[in-house]
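Student: Below: one structure in structure tokens.
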Amino acid sequence: MTTPRSVTLERLAYTLAAPALAVAPNLAPDSPFHAVVQLAGAAGVAGSVLAAKSDGLGAGRKILRWSPLVLAAAVDVAAKTTTGFGPYWLDGLLAAGWAAAGFVVMPFSRHARRRHRPALAAPAPQLAPAEAPEPAPVVPDDGADLLTRDARRLWEQAGMPARTHIVKATRHPGMQHDMTILLRASETGRPITGLSEAAVAAPFGVHSSDVVLAEVAIQPGRQGGPGWMEARITPDANQRRRTKPTDQERWTDKVGSPTGGAPGSELVHKSRDDVRGVTFYRAKMADATTTPRIDLAKVCRGLKLPEDDSCVFVLVDGIEFLISAFDKPPLSAIFPATRELLTPDAKGMYVCGYTITGQPVKNMVFQHDKNAARHGLILGVSRSGKTQFFAIDMAAMSLAGQVVWLSTVRKDEKTSTLGKYIDRQGSNALWMARSLRAAKALCEIRAEMPWPHDGEPHDYKPGDARCPYRQLNVFADEFMTAAQDGDFGEFIQKDGDDLTVTGLKYGIGFNPAGQSPFAHNGFSTEMKDNLRQNSRPTIFNMGSPGATRKAAEGTMENAYDVPTIPARYAQQEGSAIERAMRGEADPENGVSTGGVAIMVMDNGRAVLMRSLYADFDTNLAALFPDDVNRLTDHEIEELTKRGLWFDWNEPVRPGEFWPEPDEDDDGDDKPRRRGGGGKGGGGRGPKSGGRRSEQITSPRQALEAIKSLTDA
């Protein structure tokens with residue numbers, strides 16, 4: 020290869036200038052040579068600075084181009100500064116180094132070339148031989164059908180995606196374009212990697228969503244595993260699935276998908292009951308270890324059902340669940356109460372209502388498995404159906420031969436009607452306090468009553484013919500209001516607490532009803548726990564779905580999904596948006612939810628039901644037995660001895676609940692009501708026996724109470 024002329028001249032210049040740089044500063048320090056070298060160095064510095072600040076390409080190449088001038092000026096300054104030729108001939112060594120660097124780098128000749136011009140006498144470039152294309156694997160003719168050969172041709176034109184080969188293509192029955200292709204790796208023993216739906220869809224001109232890749236199972240006579248793959252190409256079926264899907268396809272796409280109303284579920288079957296006007300969707304979770312997570316509104320939208328709580332319900336049982344879609348609100352139907360339904364069986368169970376699916380819901384009049392009476396807890400706002408439930412519950416107890424007492428805070432028509440068919444009924448807080456006090460005294464009386472077969476007292480055993488007394492059920496309507504009464508509230512609350520704890524073993528059940536099951540409204544934690552464990556709490560409409568759900572969860576050991584009870588059942592008619600655009604009023608088609616309740620079963624599961632209807636406008640004698648069940652003569656005699664059995668509608672007797680007013684030192688009569696009554700009263704107030712607590716609701720009342728203290 021011939022050396023370019025510019026390179027030769029540049030090397031010659033470095034060789035000649037190097038001795039001058041070493042000798043001139045020592046022999047002629049004041050010669051013009053030094054001024055020329057310094058000016059050249061300054062020019063090199065300026066050129067390097069400008070090259071570094073520029074934004075264009077080749078800045079490094081420009082700096083290298085000016086570097087010999089800058090280094091020459093540096094060598095001249097060093098040689099001029101040292102004494103003589105410097106120690107160890109330093110000036111000569113620096114000049115020689117400068118010449119050697121320029122001899123190798125050659126900035127002016129090499130880096131001044133533009134567009135990489137070839138050097139002089141450079142050999143002409145020769146074309147490199149083209150690389151031979153990799154021969155495609157030879158596929159022997161296996162007698163494939165026309166569809167397979169056409170598919171292979173398209174596949175080969177696409178470059179054999181993921182280095183795979185089509186073994187067979189099978190057309191789907193009744194479809195023009197749908198088919199399944201069986202793929203294997205071109206190299207034996209290599210797994211198929213990097214194959215995507217888009218890579219399969221592109222050769223056949225379909226959308227990637229119309230392609231599904233699946234593994235190939237090992238079958239007799241055919242291999243499988245990672246080296247094989249199956250691709251289902253279904254543009255026709257997907258088009259039909261988008262426009263007219265089957266029930267299974269709609270469920271998979273809209274309900275069981277990760278964004279659906281029941282992710283991970285699959286439809287078992289869909290059935291229709293034309294007689295009852297209901298469609299059932301039975302589904303289960305594909306993974307048996309998962310728990311159903313159901314968004315009922317999203318399920319309705321996925322199945323194109325009206326989003327209406329009054330017609331669509333869900334029932335969960337383990338990994339399975341049932342969606343019931345009714346044509347009309349099922350709980351708006353009326354289920355008349357009959358004596359046959361209300362008559363308890365040998366285990367004390369009777370039908371108290373029906374669920375949305377028509378299943379009977381049973382309540383108990385005693386606890387057969389615990390050999391004890393039962394308590395009851397009935398919650399709901401006014402006009403929600405509590406008194407109707409009282410009627411069927413009392414009728415079932417009366418048909419079982421039990422005694423019933425009913426107390427309310429205020430008198431009304433329905434409770435007065437029920438009073439004709441039960442042992443005792445009253446309508447004020449004083450009557451309730453007296454009934455609870457007498458029931459608590461009965462616990463002491465029954466604890467000493469001898470049984471006829473051995474003459475010894477025993478605990479209550481329901482259904483035992485040898486028991487000398489009947490089960491007593493004490494109902495207290497509006498218990499929350501009565502427990503906050505200014506005169507008798509503390510007696511009602513304390514005796515109610517005692518009765519829930521000790522009454523069951525003596526055959527006495529306590530059945531409070533109200534609008535709140537919480538401690539700050541009269542239901543102590545001890546009372547609520549005993550009521551929950553020894554009854555089937557029944558919660559009617561509490562005023563709002565949130566309040567109903569909260570009340571139901573407060574009576575359950577584990578908060579399961581609590582059904583919703585709206586204020587009214589109203590089917591959606593037409594489009595609310597269209598009515599708004601036309602300025603029309605919404606239709607008034609609401610149906611009352613009175614009588615609809617949530618009953619908490621023994622396993623803690625909440626069941627939505629419609630209680631049986633007892634018509635108070637007709638004669639209720641058909642539901643109750645002919646004879647009213649009463650206490651035994653022995654019990655009445657013992658209560659009379661204690662001064663607890665009389666007409667409880669009488670005014671407060673002197674000393675019945677608190678001692679009579681006495682005179683203090685000033686001679687003024689001051690009432691000193693205390694809760695600790697004696698034998699005649701039978702009632703007890705606070706443990707300290709101090710002054711009965713007054714209701715203080717303002718600072719003025721608090722000041723007056725402080726001034727009235729006798730020991731202030």
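Take 20 as the starting number for the sequence shown in my numbering and just add one per residue.
Just so it is clear, CB atoms sit at the ideal spot from N, CA and C, and this is done for glycine as well.
Which ranges does the beta strand (DSSP E) cover as unbroken runs of at least 3 residues, wholly within the segment 40-88, from first to last along the chain?
Tutor: none
Student: Taking C486 as part of the beta strand (DSSP E), name the residues at either end of that continuous run.
Tutor: In the sequence shown, residue 486 corresponds to position 467, counting from 1. Careful: C486 lies outside any beta strand (DSSP E) and carries neither H nor E.
Student: On a Cα-Cα basis, can you pick out the residue from R629, D621 and V619 that is closest to T611?
Tutor: In the sequence shown, the residue the question calls residue 611 occupies position 592. Sequence inspection shows Ser at residue 611; the Thr mentioned does not correspond to that position. Per the Cα distances, R629.
Student: With E175 as the anchor, note down where its beta strand (DSSP E) starts and where it stops.
Tutor: In the sequence shown, counting from the first residue as 1, residue 175 sits at position 156. From DSSP, E175 is part of no beta strand (DSSP E) but of the alpha helix (DSSP H) over L165 to Q176.
Student: Between the segment 386-403 and the segment 434-448, can you find at least three pairs of beta-carbon atoms closer than 8 angstroms?
Tutor: no
Student: Can you list, in chain order, the residues of its chain with a C-beta nearer than 7 angstroms to that of A316? Leave out the 5 residues immediately preceding and following it.
Tutor: Indexing the sequence shown from 1 puts residue 316 at position 297. A distance below 7 angstroms between beta-carbons, with the five flanking residues on each side excluded, links A316 to the following residues of its chain, in chain order: E326.
Student: Cβ of N668 within 8 angstroms of any heavy atom in the ligand SAH?
Tutor: The model depicted lacks the ligand SAH and carries no ligand whatsoever.
Student: Taking DSSP as the reference, what is the three-state secondary structure of P476?
Tutor: Within the sequence shown, the letter at position 457 stands for residue 476. In the three-state scheme derived from DSSP, where H, G and I count as helix and E and B as strand, P476 is classed as coil.
Student: What does G614 pair with, by DSSP beta-bridge criteria?
Tutor: Within the sequence shown, numbered from 1, the residue matching residue 614 stands at position 595. Paired residue(s): none; G614 is not in a bridge.
Student: If I measure Cβ to Cβ from A188 and keep anything under 7 angstroms in the same chain, skipping five residues before and after, which residues do I get?
Tutor: Mapped onto the sequence shown, residue 188 falls at position 169. Counting only Cβ-Cβ distances below 7 angstroms, and skipping sequence neighbours, we find L166, T167, A170, M198 and I200.
Student: Note the first and the last residue of the continuous beta strand (DSSP E) segment covering S284.
Tutor: Position 265 of the sequence shown holds residue 284. Run containing S284: S284 to D292, per the beta strand (DSSP E) assignment.
Student: Which value, in whole angstroms, describes the spacing of the CA atoms of D266 and K289?
Tutor: The count along the sequence shown starts at 1 and reaches residue 266 at position 247. The count along the sequence shown starts at 1 and reaches residue 289 at position 270. Cα to Cα, the separation comes out at about 8 angstroms.
Student: What residues match up with F345 in a beta bridge as DSSP calls it?
Tutor: One-based indexing of the sequence shown puts residue 345 at position 326. In the DSSP output, where bridge partners are listed per residue, F345 has V297.
Student: Leaving aside the five residues before and after A731 along the sequence, list all residues of the same chain whose C-beta is less than 6 angstroms from its C-beta, in chain order.
Tutor: For the purposes of this step, residue 731 is identified with residue 712 of the sequence shown, where counting begins at 1. Below a pLDDT of 50, predicted positions are generally treated as unreliable, and A731, at 41, falls in that range; the measurement from the model is reported next regardless. Nothing meets the Cβ criterion.
Student: I need the straight-line Cα distance from G522 to K459, nearest angstrom please.
Tutor: The sequence position of residue 522 within the sequence shown is 503, counting from 1. The sequence position of residue 459 within the sequence shown is 440, counting from 1. Taking the straight line from one Cα to the other gives about 7 angstroms.
Student: Have a look at T376 and T583 and give me their C-alpha separation to the nearest angstrom.
Tutor: Taking the first residue of the sequence shown as position 1, residue 376 is located at position 357. Taking the first residue of the sequence shown as position 1, residue 583 is located at position 564. One C-alpha to the other measures close to 16 angstroms.
Student: Three or more C-beta pairs under 8 angstroms: does that hold for the segment 409-418 against the segment 359-374?
Tutor: yes
Student: Roughly how many angstroms separate the alpha carbons of G63 and A93, rounded to a whole number?
Tutor: Mapped onto the sequence shown, residue 63 falls at position 44. Mapped onto the sequence shown, residue 93 falls at position 74. So the alpha carbons of these two residues sit roughly 11 angstroms apart.
Student: Counting only runs that start and end within the segment 345-373, where is the alpha helix (DSSP H) found for 4 or more residues in a row?
Tutor: Taking only runs of at least 4 residues, the alpha helix (DSSP H) segments lying wholly in the segment 345-373 are 358-361.
Student: Once you ignore the five residues that flank G697 on each side, which residues in its own chain have a CB closer than 8 angstroms to its CB?
Tutor: For the purposes of this step, residue 697 is taken as residue 678 along the sequence shown, with counting starting at 1. Low local confidence applies: a pLDDT of 35 at G697 is under 50, so the model's placement there is unreliable, with the coordinate-based value given in what follows. Answer for G697: G674, listed in chain order.
Student: Pull up the distance between the alpha-carbon of V123 and that of A91, whole angstroms please.
Tutor: Indexing the sequence shown from 1 puts residue 123 at position 104. Indexing the sequence shown from 1 puts residue 91 at position 72. Cα-Cα distance, rounded: 15 angstroms.
Student: Determine whether the beta carbon atoms of A300 and I342 lie at a separation below 9 angstroms.
Tutor: For the purposes of this step, residue 300 is taken as residue 281 along the sequence shown, with counting starting at 1. For the purposes of this step, residue 342 is taken as residue 323 along the sequence shown, with counting starting at 1. Reading off the sequence, residue 300 comes out as Tyr, not Ala. Contact: yes.
Student: Rounding to the nearest angstrom, what Cα-Cα distance links S543 and S351 in this structure?
Tutor: Within the sequence shown, the letter at position 524 stands for residue 543. Within the sequence shown, the letter at position 332 stands for residue 351. When rounded, the distance between both Cα atoms is 35 angstroms.
Student: Does the segment 210-224 come within contact of the segment 235-250, defined as at least 3 CB pairs closer than 8 angstroms?
Tutor: yes
Student: Look up D336 in the DSSP assignment and give the residues it is bridged to.
Tutor: Taking the first residue of the sequence shown as position 1, residue 336 is located at position 317. BP columns for D336 point to E339.
Student: Between which two residues does the beta strand (DSSP E) holding T544 run?
Tutor: Counted from its first residue, the sequence shown places residue 544 at position 525. Element bounds for T544: not the beta strand (DSSP E) but the alpha helix (DSSP H), T544 to Q552.
Student: Between the beta-carbon of T560 and the beta-carbon of N530, is there less than 9 angstroms?
Tutor: Indexing the sequence shown from 1 puts residue 560 at position 541. Indexing the sequence shown from 1 puts residue 530 at position 511. Looking at the sequence shown, residue 560 is not Thr but Asn. Their beta carbons are not under 9 angstroms apart, which means N560 does not touch N530 by this criterion.
Student: Give every residue of the same chain whose Cβ lies closer than 7 angstroms to the Cβ of G614, excluding the five residues on either side of it in the sequence, and list them in chain order.
Tutor: For the purposes of this step, residue 614 is identified with residue 595 of the sequence shown, where counting begins at 1. Cβ neighbours of G614 beyond the five flanking positions: G404, Q407, R629, S630 and Y632.
Student: Do the segment 44-55 and the segment 23-30 meet, that is, are 3 or more Cβ pairs less than 8 angstroms apart?
Tutor: no
Student: Counting pairs of beta carbons, one from the segment 248-257 and one from the segment 225-234, are three or more of them closer than 8 angstroms?
Tutor: yes
Student: Buried or exposed, going by whether 16 or more other CB atoms sit within 10 Å of the CB of Q472?
Tutor: Here residue 472 corresponds to residue number 453 of the sequence shown, with the count starting at 1. For the record, residue 472 in the displayed sequence is His; it is not Gln. Its Cβ having fewer than 16 others within 10 Å, H472 is exposed.
Student: What separation, rounded to the nearest whole angstrom, lies between the Cα atoms of E467 and P476?
Tutor: Here residue 467 refers to the residue found at position 448 when the sequence shown is read from its first residue. Here residue 476 refers to the residue found at position 457 when the sequence shown is read from its first residue. Whole-angstrom Cα-Cα distance: 6 angstroms.
Student: From which residue to which residue does the alpha helix (DSSP H) around H653 run?
Tutor: One-based indexing of the sequence shown puts residue 653 at position 634. Segment D652 to K660, the alpha helix (DSSP H) holding H653.
Student: Report yes or no: is there a C-beta of chain D within less than 9 angstroms of the C-beta of M499?
Tutor: The structure shown has no chain D; it contains just one protein chain.
Student: Let me check one thing: in DSSP terms, what residues is Q444 bridge-paired to?
Tutor: Along the sequence shown, read from residue 1 onward, the residue named residue 444 stands at position 425. DSSP, once it has assigned bridges, lists L425 as partnering Q444.
Student: Taking DSSP's pairing of strands, which residues face Q238 in a bridge?
Tutor: Position 219 of the sequence shown, counting from 1, holds the residue named residue 238. Secondary-structure assignment with DSSP links Q238 through a beta bridge to R241.
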